[in-house]
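Asker:
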Amino acid sequence: MAEFRRAYGAAPWHLLLLAGCFAVTGWIALRLAGEASALRMLLWFLGAVIAHDLVLFPVYASLDRALRRALGRAGAPSPLNHVRVPALGAGLLFLVYLPGILGLGDGTYLAATGLAPRALLGRWLAVSGALLAASALLYAARLLARRAR
Amino acid sequence: MPASPPPPDDAPSAAPAALWRGLARHRPPGVDAADRAWRSPVRGPWLTSVLGAVLLATLPLVIVTGLLDWIAYGPRLDQAFPRDVGWLHPPVFDWPTRPAWLFRVTQGLHVTLGIVLVPVVLGKLWSVVPKLFDWPPARSAAQLLERLSLLLLVGGILFQTATGLLNIQYAYLFGFDFYTAHWYGAWIFTAALVTHVAVKLPRLVTALRGPGFVRTPVERTRPEPADPDGLVARRPGPATMSRRGVLALVGGGALLLAALTVGQSVDGLRRTALLLPRGRRIDDGPTGFPVNRSVAAAGVTPEQTGPGWRLTLRAGNRTVTLDRARLLGLAQHTAVLPIACVEGWSTSQTWTGVRLRDLAALVGAAGPATARVRSLERAGLFREAVLHGGQVTDPDALLALRVNGVDLSPDHGYPARIIVPALPGVHCTKWVAEIVFDG
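As you go down the protein sequences, you meet chains B and D in turn. Residue 150 in the numbering used here sits at position 148 of the first sequence, and the numbers go up by one each step. Residue 1622 in the numbering used here sits at position 154 of the second sequence, and the numbers go up by one each step.
Pasting the structure below:
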C-alpha cells in the first residue's frame, strides 16, 4: 500500500474515483462520437474553458490592474471600489444576458412568438448607468461625511 | 497546518521520479513572471472554501431539478429528450399531477438558480486561477489525473451555463441539439463534481476554520498563512477589498441577477425581468400572458380553427366527434393552474373547459392508461403529446376552451388546448384536433 502511494502519489481510492470520473466521460464520448455535431460539442466544451481562462480572466484582470494604477493613489476614501463594483455589475449583466442584449436570438424569437423583439441594449445601458450613478452618489455622500468630520 | 508551500524545485518522490523532477526543473519562460504576478492578498483557502461551500450546497439542487425536468417530460412514454440515454439516467417514474406547481418550481429553480450562481462560479474560478499557471503542472500521476478531471469540472460548468443561457434566450448559436448536449454535459460535470468534492472536502472543512466572517477593515486585511495548495500569493500587494467585501460583491451580483430573473416565474413581477425575452406580457388583456409558439409559427390557419373545426375522440374502435358548441354544452370545470416552460418562465391562469376524464368516458374509456393528444399543427417537435393515466383522470386535467373568462386566443390554442396540473408546458398541446385514449 505504501509502495502504491509512493509511486502514484495518492491513496488507491483516489485512483478509483478518478477512473470512475473518466469512465463516465469516456462512455459519453463514445456514445456521442456517432453524432454529426459531436465535434462542435467538443469545441464548445473546450472553447468554454479557453474563453474563461485565457480570454475573460486576463481581460478583466488587466482592466482591474489599469484601474488600480489610475485610482490607487487617489485620496481617501478611495474611489476604486466605487468604479469596480458597478463595472463588475454591468459586466456580469452583459455576460449573462448577452444573447438578448446583442439580439442574437431575435430571428428565432420573432418566428416563434410573432412578437417584435425588444431592443435590450438600451435597457442594459440604462441599468448599468443606474448602478454607476448609485455608486457615484454613495461616494459623494462618503466624501461629504468625511469633510463634515 | 503546514507553514510554507513546497519550494518549486522540491524533489518529487512519485514514480517515475526522473520525469516529475525533470518537468519541475524545466520551467518554461513566463512561468516565474506569472508566479510573481498574483498579488491579491485575499486569495486563499478560506475564501475558496466559502465559495466552494456555497456551490456545494446549491449545485446539487440545480442538478436534481434538471434531472426532474427530464423525468417530467415522460421517459416512460418515450417523450424525454434525449430519448435513448442507455443506463445513465435517474430512476424514472410517472410524473405526478400534485402539487400542481411541481413543474413550475422544479424548472423555475433549475433556470433561476443556474443564473444566480454565475457570479459564485466566476468568483470561485477567480480564487483558484493561479493554480492554472502553476509549474510543474503535476508532481505525480495522481496530480496529473486530478488536473485532467478539473478540465472536465470547469469545462462542464461553463458548458452547461453557456448552453443553458443561450437556450433560454432563443440564441441557438451552438448548432447542436440542446437537449443532447445539456444532458450529457450535465453527467460529465456531475461526475467531475463528485470526484472533486470527494478529494477536496477535507481541505474545505479545514480551511473554513480560517479568517472567518469577522469584520476586518480593508487596511487591516492580511493574507492567510501560506498554504500547501499555493492559493495564497507569495508576494501579496496591499488589500483593496476585504474578504467580506469580496463575498458581499459576489453575493450582490447573485442578488442582482435574481432580481432581474425571477420576473420570468412570478406573475406580479413579470416586467422586472428587464433583460430576458420572457419578461413581457403580450398585452394587458385576459389573454396577455406569455406565448412560446404563436399560431402563425405553428402554421395553423383560421380555416382549420373556424366553424368547421371538430374534436375527434377515439378509444378502441369507438369514435366521437364534437364541435366547439357541443363541447361548451358539456359540464364545464374551472381551475387555476400554472403553465410552465422548460426554458424558464411560468404563469398561473384560470382555465375553463371539459375534464379529460369526462371526454374519456364519452368514448367508453373510463380509466385509460394513456391519452395521445394530436394538434392541428403539422410540423414541430411537440405537435403530439402522450399523457399517462394519472394525468388524464386528475379532476383538474382539462381540455380548456376558455381562459380568465374569455375564449382562448388563437395564440393560446383556440379552439381548445390541454392544461394538466404540473404538466410541462410543451405537453399542454394547443389547437387540439384529436385525443386517442388507450387501455
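All C-beta atoms in this analysis are idealised placements derived from N, C-alpha and C, irrespective of residue type, glycine included. Since we're looking at a predicted model, the values are computed, not measured.
Of all Cβ atoms in chain D, is any one closer than 7 Å to the Cβ of B/Gly124?
Answerer: No, B/Gly124 does not count as interfacial toward chain D.
Asker: Does the beta carbon of B/Tyr141 sit closer than 7 Å to a beta carbon anywhere in chain D?
Answerer: No, B/Tyr141 lies away from the interface with chain D (no Cβ there is under 7 Å from its Cβ).
Asker: Can you grab the Cα-Cα spacing for the pair B/Ala68 / D/Leu1535, in whole Å?
Answerer: Approximately 44 Å between the Cα atoms of the pair.
Asker: Could you check the C-alpha separation between B/Thr27 and B/Leu44 for me, to the nearest Å?
Answerer: Distance between the alpha carbons of B/Thr27 and B/Leu44: 12 Å.
Asker: With DSSP collapsed to three states, give me the class of D/Gly1821.
Answerer: D/Gly1821: strand per DSSP, three-state reduction.
Asker: Report the residue from D/Ala1639, D/Thr1658, D/Pro1528 whose alpha carbon sits nearest the alpha carbon of B/Ala112.
Answerer: One point to set straight first is that residue 112 of chain B is Leu, not Ala, in the sequence displayed. B/Leu112 has its Cα closest to that of D/Ala1639, out of D/Ala1639, D/Thr1658, D/Pro1528.
Asker: With a 10 Å radius around its C-beta and 16 neighbouring C-beta atoms as the bar for buried, classify D/Glu1692 as buried or exposed.
Answerer: Result: buried.
Asker: On the CB-based measure, 16 or more other CB atoms within 10 Å of its CB, does D/Ser1595 come out buried or exposed?
Answerer: With 16 or more other Cβ atoms within 10 Å, it is buried.
Asker: Cβ of D/Leu1723 within 7 Å of Cβ of D/Leu1743?
Answerer: It is not a contact, given that the beta carbons lie outside the stated cut-off.
Asker: Under the three-state reduction of DSSP, which class applies to D/Phe1601: helix, strand or coil?
Answerer: Correct three-state label for D/Phe1601: helix.
Asker: Less than 7 Å separating the beta-carbons of D/Leu1621 and D/His1578?
Answerer: The answer is no: Cβ separation not under 7 Å.
Asker: Excluding the 5 residues flanking B/Leu73 on each side, which residues of the same chain have their C-beta closer than 6 Å to its C-beta?
Answerer: Hits under 6 Å: Pro81, Leu82.
Asker: Taking 7 Å as the threshold (beta carbon to beta carbon), is B/Leu94 in contact with chain D?
Answerer: B/Leu94 counts as touching chain D.
Asker: Assuming D/Leu1876 contacts D/Arg1792 under a Cβ cut-off of 8 Å, what Cβ separation, rounded to an integer in Å, is found between them?
Answerer: No, D/Leu1876 and D/Arg1792 are not in contact; Cβ-Cβ is about 10 Å, not under 8 Å.
Asker: For D/Pro1473 and D/Ala1701, what's the separation of their Cα atoms in angstroms?
Answerer: Reliability of the predicted coordinates at D/Pro1473 is poor, the pLDDT of 43 falling under 50, and the value obtained from them is presented with this limitation in mind. Those two C-alpha atoms are separated by around 11 Å.
Asker: Between D/Trp1569 and the rest of its own chain, which residues show a CB-CB distance below 6 Å, the 5 nearest in sequence each way excluded?
Answerer: Excluding positions up to five away in sequence, the list reads Pro1806.
Asker: Taking 7 Å as the CB-CB limit, is D/Pro1475 close to chain B?
Answerer: Its pLDDT being 42, under 50, D/Pro1475 is placed unreliably by the model, and the measurement read from it follows with that caveat. Not an interface residue.
Asker: With a threshold of 7 Å between beta carbons, is B/Pro14 in contact with chain D?
Answerer: False, the Cβ-Cβ gap to chain D never drops below 7 Å.
Asker: Within its chain, find whatever has a CB closer than 8 Å to the CB of B/Pro101; leave out the 5 residues flanking it on each side and keep chain order.
Answerer: The residues are Gly107.
Asker: What is the DSSP secondary structure of D/Ile1750, counted as helix, strand or coil?
Answerer: Note: D/Ile1750 maps to coil in three-state DSSP.
Asker: Checking 7 Å against the spacing of the C-beta atoms, do D/Thr1769 and D/Arg1778 come in under that value?
Answerer: Not a contact, by the Cβ cut-off of 7 Å.
Asker: Any beta carbon of chain D sitting closer than 7 Å to that of B/Pro101?
Answerer: True, the Cβ-Cβ gap to chain D drops below 7 Å.
Asker: Let me know the alpha helix (DSSP H) ranges lying completely inside the stretch 1793-1841 of chain D, each 4 residues or longer, listed in chain order.
Answerer: Runs of the alpha helix (DSSP H) inside the stretch 1793-1841 of chain D: 1824-1830.
Asker: Would you mind reading off the limits of the alpha helix (DSSP H) that contains D/Leu1527?
Answerer: Residues 1513-1540.
Asker: Using beta-carbon positions only, say whether D/Ala1833 and D/Phe1905 come within less than 7 Å of one another.
Answerer: In contact: D/Ala1833 and D/Phe1905 (Cβ atoms closer than 7 Å).
Asker: Using the C-alpha atoms, what's the distance from D/Leu1737 back to D/Ser1508?
Answerer: Looking at the two C-alpha atoms, the distance is approximately 39 Å.
Asker: Can you check DSSP and say which residues form a bridge with D/Asp1875?
Answerer: Note: D/Asp1875 sits in a beta bridge opposite D/Arg1870.
Asker: List the residues that DSSP assigns as beta-bridge partners of D/Glu1852.
Answerer: For D/Glu1852, which the question treats as bridged, DSSP gives the partners D/Arg1842.
Asker: Name the chain D residues that come within less than 7 Å of B/Ala9, Cβ to Cβ?
Answerer: The contacting residues are Ala1482, Ala1483.
Asker: Give the residues from the stretch 63-85 of chain B that approach chain D closer than 8 Å (Cβ to any Cβ), ordered along the chain.
Answerer: Hits within the stretch, in order: Arg70, Gly74, Ser80, Leu82, Asn83.
Asker: Which same chain residues end up closer than 6 Å to D/Gly1821 when comparing Cβ atoms and leaving out the 5 residues on each side of it in sequence?
Answerer: Cβ neighbours of D/Gly1821 beyond the five flanking positions: Leu1866, Leu1867, Ala1868, Leu1869.
Asker: Indicate whether D/Arg1825 and D/Thr1861 have their beta-carbon atoms separated by less than 7 Å.
Answerer: Going by C-beta atoms, D/Arg1825 is nearer than 7 Å to D/Thr1861.
Asker: Of all the CB atoms in chain B, is at least one closer than 7 Å to the CB of D/Thr1708?
Answerer: Chain B contact via Cβ: present.
Asker: Please decide whether D/Gly1680 counts as near chain B, where near means a Cβ-Cβ distance under 7 Å.
Answerer: For D/Gly1680, the answer is no, since every Cβ of chain B falls outside 7 Å of its Cβ.
Asker: Quick check: does the Cβ of D/Thr1658 come within less than 6 Å of any heavy atom belonging to the ligand NAP?
Answerer: Ligands are entirely absent from the displayed structure, and the ligand NAP is therefore not among its contents.
Asker: Taking CB distances under 7 Å as the criterion, tell me whether D/Arg1761 reaches chain B.
Answerer: Yes, D/Arg1761 counts as interfacial toward chain B.
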